[in-house]
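Since the structure comes first, as structure tokens, the remarks are kept for the end.
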Amino acid sequence: MGKITVRSPKRAYAYDKNTGEFTGVVYADPDPLDVTNWLLPASSTFTVLDDAPAGHVAVFKEGEKKILVDKRGTEYFDENGIHYLINQIGEDLPENALLEKPYIPPTLDEQTKKVQNQCSIRINSKWNQIGQINAALGVYSEQERADCSEWVKLNRDALKALLQRADLTEIDVESDEFWPKLN
315 MGKITVRSPK
325 RAYAYDKNTG
335 EFTGVVYADP
345 DPLDVTNWLL
355 PASSTFTVLD
365 DAPAGHVAVF
375 KEGEKKILVD
385 KRGTEYFDEN
395 GIHYLINQIG
405 EDLPENALLE
415 KPYIPPTLDE
425 QTKKVQNQCS
435 IRINSKWNQI
445 GQINAALGVY
455 SEQERADCSE
465 WVKLNRDALK
475 ALLQRADLTE
485 IDVESDEFWP
495 KLN
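Residue numbers for the sequence shown follow this note's numbering, beginning at 315 and rising by one.
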């Protein structure tokens with residue numbers, strides 16, 4: 315009777331069939347019909363793939379190993395404040411990428427809308443619909459109605475003054491310093 319040789323499985327490296335990224339170690343079995351051959355599992359190679367340096371990943375593409383940068387999950391901004399997310403192996407940060415959102419000053423139109431909204435919020439804090447109904451029904455005294463009218467006038471005057479400022483886009487229009495004080 316002939317001598318039977320038992321061979322241990324051979325180490326192989328599995329990779330994702332779409333990205334080529336190393337996914338783990340697998341083992342190839344010996345070919346029972348040809349003792350010099352190994353049965354390599356699908357999407358695997360005998361090429362070592364688990365040796366990529368930090369920030370990189372080994373991939374097996376087009377029959378060869380490549381070490382590619384791996385910045386997946388990294389968020390960055392361009393100089394206009396547009397947000398990006400890296401989600402591909404091999405995609406690196408662009409040369410002018412910013413890791414923090416840059417300050418983009420508001421446009422005059424944006425700031426004008428913000429001032430108008432702030433004026434409405436401040437007027438409504440004292441002279442909301444309930445207050446107007448109470449005034450119409452005579453629930454408010456003459457003094458309370460006069461106070462509310464004065465409050466509206468003061469806020470509208472503050473609105474006009476703010477809209478005439480040359481530095482409107484450079485100031486915090488929500489700051490109390492630009493608005494009348496609530497009594």
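Just so it is clear, CB atoms sit at the ideal spot from N, CA and C, and this is done for glycine as well.
Check the DSSP bridge columns for residue i and list the partner residues they point to.
i: Ser358; result: Ala328
i: Phe374; result: Lys379
i: Leu399; result: Glu389
Return the first residue and the last residue of the alpha helix (DSSP H) that residue i is part of.
i: Ile435; result: 422 to 440
State the DSSP-derived secondary structure class of residue i, mapped to helix, strand or coil.
i: Leu468; result: helix
i: Asp406; result: coil
i: Glu389; result: strand
i: Asp364; result: coil
i: Leu353; result: strand
i: Asp348; result: strand
i: Leu482; result: helix
i: Ser455; result: coil
i: Ser463; result: helix
i: Glu488; result: coil
i: Leu496; result: coil
i: Asn394; result: coil
Would residue i and residue j be called neighbours here (beta carbons separated by less than 7 angstroms)?
i: Ile437; j: Asn469; result: yes
i: Ala326; j: Ser357; result: no
i: Ile400; j: Asp384; result: no
i: Leu353; j: Asp343; result: yes
i: Glu405; j: Val371; result: no
i: Thr483; j: Leu422; result: yes
i: Tyr264; j: Leu407; result: The structure shown does not extend to residue 264, since the chain spans only 315 to 497, so no value can be given for it.
i: Trp493; j: Ala480; result: no
i: Thr337; j: Asp330; result: yes
i: Gln432; j: Glu488; result: yes
i: Pro323; j: Tyr341; result: yes
i: Lys375; j: Thr361; result: no
i: Lys428; j: Trp465; result: no
By the DSSP assignment, the beta strand (DSSP E) with residue i in it spans what residues?
i: Ile381; result: 378 to 383
i: Gly338; result: 336 to 345
i: Lys504; result: Outside the displayed span of the chain (315 to 497) sits residue 504, for which this structure offers no information.
Is the Cβ of residue i closer than 7 angstroms to any Cβ of chain B?
i: Ala342; result: Among the chains of the structure shown, chain B does not appear; only one protein chain is present.
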